[in-house]
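Here the structure is laid out as structure tokens; the discussion comes afterwards.
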Amino acid sequence: GGITIGGSKISNFRFADDATLIAASHEELVGLLNIFEQHSAAYGLGINYNKTKVMIVDREHDNYREIKSIGRCEVVQSFIYLGSLIDNSGSCENEIRRRIQQAR
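Residue numbers (full-length UniProt numbering): 1 to 104.
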């Protein structure tokens, strides 16, 4: 699963206690969540599902809008990750507007 960047397959990004999982399908995401949960548990760590969000970026189809949750995770339209606004359009326009507004 995941995406290919520079010839390397990437299915997750991690920074401190934040993690981002990248999947191409609902089934792949559920599988990644299960693997992530198992590996975390092996080190005595758990996933806080109250703070865990899923965002679906799909530039071609809008049929994901009816999905409200995946597993125990809420599906959201946008969220702040490491200080930046990420939204399901895949565009940076809203983040740029937000930063300009903050500077005023």
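Every residue, glycine too, gets a C-beta built ideally from N, C-alpha and C.
Source: prediction; values computed, not measured.
query, result
"Pairwise C-alpha distance: residue 19 and residue 55", "13 angstroms"
"Same chain, Cβ closer than 7 angstroms to residue 52, neighbours up to 5 away in sequence not counted", "73"
"Backbone secondary structure at residue 29 - three-state DSSP", "helix"
"CB of residue 77 within 8 angstroms of CB of residue 88, strictly", "yes"
"Coarse secondary structure for residue 40, derived from DSSP in three states", "helix"
"For residue 26, the nearest candidate out of 71, 91 and 39 (CA to CA)", "71"
"Distance between beta carbons of residue 22 and residue 2, contact taken as under 8 angstroms", "5 angstroms"
"Whole-angstrom distance between residue 95 and residue 49, CA atom to CA atom", "25 angstroms"
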